[in-house]
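J.: Protein sequences, first through last, are from chains A and B.
The first sequence runs 1 to 348 under this note's numbering.
The second sequence runs 349 to 696 under this note's numbering.
We put the CB at the ideal spot given by N, CA and C, even for glycine.
From a predicted model like this one, the values you see are computed outputs, not experimental measurements.
2 protein chains.
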Amino acid sequence: MDDHVTLDHGSGGGKTARLINELILPLIDQGKDGSENALCDGAVLDIPRGDEEGKLVFTTDSFVVDPLFFPGGDIGKLSVCGTVNDLAVMGARPLYLSLSFIIEEGLPLEDLRRIAGSVGETASRAGIRIVTGDTKVVERGRGDGIYINTSGIGVTALDLKPENIVPGDCVIVSGTVGDHGSAVMLSRNPELGIMSDGIGAQLLSDCAPVHREALSLAEGLGKDLRVMRDPTRGGLATTLNEFVEGRKDAGIEIIEKDIPISETVNGICDILGLDPLYCACEGRIVLVTAKEAAGKALEILKKCPGGQNAAIIGHVTEDLPGALIVRTPLGTGRIAAKLSGSQLPRIC
Amino acid sequence: MDDHVTLDHGSGGGKTARLINELILPLIDQGKDGSENALCDGAVLDIPRGDEEGKLVFTTDSFVVDPLFFPGGDIGKLSVCGTVNDLAVMGARPLYLSLSFIIEEGLPLEDLRRIAGSVGETASRAGIRIVTGDTKVVERGRGDGIYINTSGIGVTALDLKPENIVPGDCVIVSGTVGDHGSAVMLSRNPELGIMSDGIGAQLLSDCAPVHREALSLAEGLGKDLRVMRDPTRGGLATTLNEFVEGRKDAGIEIIEKDIPISETVNGICDILGLDPLYCACEGRIVLVTAKEAAGKALEILKKCPGGQNAAIIGHVTEDLPGALIVRTPLGTGRIAAKLSGSQLPRIC
Chain A
1 MDDHVTLDHG SGGGKTARLI NELILPLIDQ GKDGSENALC DGAVLDIPRG DEEGKLVFTT
61 DSFVVDPLFF PGGDIGKLSV CGTVNDLAVM GARPLYLSLS FIIEEGLPLE DLRRIAGSVG
121 ETASRAGIRI VTGDTKVVER GRGDGIYINT SGIGVTALDL KPENIVPGDC VIVSGTVGDH
181 GSAVMLSRNP ELGIMSDGIG AQLLSDCAPV HREALSLAEG LGKDLRVMRD PTRGGLATTL
241 NEFVEGRKDA GIEIIEKDIP ISETVNGICD ILGLDPLYCA CEGRIVLVTA KEAAGKALEI
301 LKKCPGGQNA AIIGHVTEDL PGALIVRTPL GTGRIAAKLS GSQLPRIC
Chain B
349 MDDHVTLDHG SGGGKTARLI NELILPLIDQ GKDGSENALC DGAVLDIPRG DEEGKLVFTT
409 DSFVVDPLFF PGGDIGKLSV CGTVNDLAVM GARPLYLSLS FIIEEGLPLE DLRRIAGSVG
469 ETASRAGIRI VTGDTKVVER GRGDGIYINT SGIGVTALDL KPENIVPGDC VIVSGTVGDH
529 GSAVMLSRNP ELGIMSDGIG AQLLSDCAPV HREALSLAEG LGKDLRVMRD PTRGGLATTL
589 NEFVEGRKDA GIEIIEKDIP ISETVNGICD ILGLDPLYCA CEGRIVLVTA KEAAGKALEI
649 LKKCPGGQNA AIIGHVTEDL PGALIVRTPL GTGRIAAKLS GSQLPRIC
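#1: Are the CB atoms of GLY154 of chain A and PRO231 of chain A within a distance shorter than 7 Å?
#2: Taking its Cβ as the centre, do 16 or more other Cβ atoms sit within 10 Å of SER383 of chain B, making it buried, or is it exposed?
#3: Can you find the residues in the same chain that come closer than 8 Å, C-beta to C-beta, to GLY358 of chain B, ignoring five residues on each side of it along the sequence?
#4: Start and end of the alpha helix (DSSP H) containing SER530 of chain B?
#5: Output the distance between the C-alpha atoms of ILE463 of chain B and ASP409 of chain B, rounded to the nearest integer angstrom.
#6: Is there a Cβ from chain B that is less than 7 Å from the Cβ of SER79 of chain A?
#7: Report yes or no: do three or more beta-carbon pairs, one from the segment 564-574 of chain B and one from the segment 625-645 of chain B, lie closer than 8 Å?
#8: What separation, rounded to the nearest whole angstrom, lies between the Cα atoms of ALA386 of chain B and GLY481 of chain B?
#9: Measuring alpha carbon to alpha carbon, tell me which of A:ALA337, A:ARG327, A:VAL80 ends up nearest CYS207 of chain A.
#10: Apart from the five residues on each side of it in sequence, which residues of its chain come closer than 7 Å, Cβ to Cβ, to ASP33 of chain A?
#11: How many Å lie between ARG477 of chain B and LEU393 of chain B at the Cα?
#12: I'd like to know whether the C-beta of ILE395 of chain B is nearer than 7 Å to at least one C-beta of chain A.
#13: Output yes or no for whether 7 Å exceeds the beta carbon distance between GLY152 of chain A and THR83 of chain A.
#14: Excluding five sequence neighbours on each side, which residues of the same chain lie with their C-beta closer than 6 Å to the C-beta of ASP434 of chain B?
#15: Chain B beta carbons: is any one of them nearer than 7 Å to that of ASP134 of chain A?
#16: Mind checking LYS596 of chain B: buried by the 16 CB within 10 Å criterion, or exposed?
#17: Compare the C-beta of PRO26 of chain A against all C-beta atoms of chain B and say whether one is closer than 7 Å.
#18: Could you list which residues in chain A have their beta carbon closer than 8 Å to that of ARG560 of chain B, in chain order?
#19: Assign THR16 of chain A to one of three DSSP states: helix, strand, or coil.
#20: Label THR586 of chain B either buried or exposed according to how many other C-beta atoms from any shown protein chain fall within 10 Å of its C-beta, with 16 as the threshold for buried.
#21: Which class does ASP33 of chain A belong to by DSSP, given the choice of helix, strand or coil?
#22: Mind pulling the beta strand (DSSP E) runs of 3 or more residues that sit fully within the segment 460-494 of chain B?
#23: Is there at least one Cβ from chain B nearer than 7 Å to GLY34 of chain A's Cβ?
#24: Please tell me whether GLU213 of chain A and CYS279 of chain A are closer than 7 Å, where the distance is taken between their beta carbons.
#25: Tell me the rounded alpha-carbon separation between ASN241 of chain A and ASP2 of chain A.
#26: Compute the beta-carbon to beta-carbon distance between VAL405 of chain B and ALA440 of chain B, rounded to the nearest angstrom, for a pair I have assumed lies under 8 Å.
#27: For LEU668 of chain B, which residues does DSSP report across the bridge?
#28: Could you check how far apart the C-beta atoms of ALA642 of chain B and CYS518 of chain B are, in whole angstroms? I think they sit under 8 Å.
#29: Do you know whose CA, among B:GLY594, B:THR504, B:ILE619, lies nearest HIS559 of chain B's CA?
#30: Does the beta carbon of ILE603 of chain B come closer than 7 Å to any beta carbon on chain A?
#31: Where GLU105 of chain A and ARG142 of chain A are concerned, what is the direct C-alpha to C-alpha distance, given to the nearest angstrom?
#32: In chain B, which residues lie with their C-beta within 8 Å of the C-beta of ASP90 of chain A?
#33: So what does DSSP say about LEU109 of chain A, is it helix, strand or coil?
#34: Identify whether ILE252 of chain A lies in helix, strand or coil by the three-state DSSP scheme.
#35: For chain A, find out if any of its Cβ atoms is closer than 7 Å to the Cβ of PRO579 of chain B; answer yes or no.
#36: Buried or exposed for THR328 of chain A, going by 16 or more other Cβ atoms inside 10 Å?
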């Protein structure tokens, strides 16, 4: 086998078949009886039969993160977490995943092997079955190593949505924010020399599946859980804006000092000129609960591995409807709008 | 709004929101009551409740066709047809489609509008609902205008697969082969000067949804329908090889003169040095039926719009198990292996 991906690997012929047989097919879960044929044009799957109120959740994401490998993860891990988490925050049990590669000619096969390995490992950890896939190859200079699309199917009986939010509700995050965004940005700037020997050495992306936390919250809180989201592109501030955007009766106020941000992320954001509130997370949940359920939500999160930094960071208010207000340690408030420029391109 | 896509359009902030609001959201079918929120991380959908034997079909494809616009279609139309057809040939009713764009910085917004328009029009024609989406932007020189991933969900009660094939069965195609592949290759070679004024002027991609034909065949033939496939990458010859690959008891023999190929495609393949049997189709079905059902299959296909060229092109034989034999007009046979090189990169 060659050392690098060539255009022949994407033409649909024998080389494509060999690439798929070696690297992709081992990732595809063909079902217990092997009757589901991954080489067909699609996967044939059992229809999830939940209770009468069960709904299908369907989501898609393309991943173009640069660089492909970053502290704490790589594009393979990210592309499984991203879609698993989109399902999870809808309150859905993740069931089936599709996996589509757009590979740039010249990608070292060794890199592809590592990425495929991460995909498999993360899917297995998240308990989602990769059931169908596709591989394309584009010429050198028409891509950037590899882009990955995953689409996911899950089932839920919940109806979590921003419209459920009412004034008085509490806002909670499941851990420190901004780790993924700042880790990726840092690894794009090796010339800063803080990667390996400075504060950067401690920084890892938070990239991880959050389905366990999300399902525990959904089960534990019932109707008191209003909405969950994973604050990826645009970070915490953009997600919270989306929760109340256009609302005439509700805004969100968060208390700056209560937002869990690691010292490392704070330091690196200072150096890079970033605001951690706009830095992507890839293994965190931001959620809104009824006021009386916030303590229980925190308790559930703190019991989950890595949940020690979960915190109540604010509440839903009638004061400035439709807006996100950040209350500073001095007691003043500033409006934090949605991200509008390109603070962090290609972060996921 | 700008004239071209910029990196800011992909950062997850305000510009992304405006792009999505103008171009993507109108494509998303939010359900009759509007309760399905396209801006959530995923779509919440009714679980298809078929009969007890119903199965979910799930498929994915990324489209990297070059050029983006070709005679008879564009990447938008192609990306809907490709996935709809993958569902259709599994005997599935197409239900839900996801739509993910990876856009290169600098793509004219006018091109994006045309492509989005094609996506919407084709989905509507195919009766499939686009329910969720994603948009990423990569820097100039890291993509090629636009790449599109679509994933599709359908339901089927059938179990069509190559293993169903037995010696004596008939092989049928639903129309002329090689139109898509040769149209795309021709539009990549405008210097040949045969595009607009020569034979090329008559050449159009066959790109079209085939769900109606596929469902009519499935309903009309029952168990006599063994397997269907849309012969895309690698063309008819590669698909037929896949039908019998590894079989110890069955090969396929096709009669060269019975294969419907337009004179234009034959002429252009001669000029470009291509073999039409390996040229992709994007609106054709190749199917295997029980011998006694072949006439009925042909009748069904000929009744469908554009089905006048449907033809029985060969049969399943015990002669050369695992192989595809092409019988020439001289009566000799040649083995046609799977495509192994890159005859046609980036054809879909």
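T.: In this structure, then:
#1: no
#2: Note that SER383 of chain B scores 43 on pLDDT, short of 50, meaning its location in the model is unreliable; the coordinates nonetheless yield the value given after this. By the neighbour-count rule (16 or more Cβ atoms within 10 Å), SER383 of chain B is not buried but exposed.
#3: THR364, ILE451, THR483, LYS484, VAL485, VAL486
#4: 527-535
#5: 17 Å
#6: no
#7: yes
#8: Its pLDDT being 46, under 50, ALA386 of chain B is placed unreliably in this model, and the coordinates cannot settle the point.
#9: A:VAL80
#10: The pLDDT assigned to ASP33 of chain A is 45, lower than 50, so where the model puts this residue is not dependable, and the model offers no usable value.
#11: 11 Å
#12: yes
#13: yes
#14: THR407
#15: yes
#16: exposed
#17: no
#18: In chain order: nothing, as chain A lies at least about 17 Å away.
#19: helix
#20: buried
#21: Note that ASP33 of chain A scores 45 on pLDDT, short of 50, meaning its location in the model is unreliable and no value can be drawn from it.
#22: 477-486
#23: With a pLDDT of only 45 at GLY34 of chain A, under the threshold of 50, the placement of this residue in the model should not be trusted, and no figure is reported.
#24: no
#25: 49 Å
#26: 4 Å
#27: LEU668 of chain B pairs with nothing; no bridge assigned.
#28: 4 Å
#29: B:THR504
#30: no
#31: 9 Å
#32: Correcting the residue type first, residue 90 of chain A is Met in the shown sequence and not Asp. Chain B residues near MET90 of chain A: CYS388, ASP389, GLY390, VAL392.
#33: helix
#34: strand
#35: no
#36: exposed
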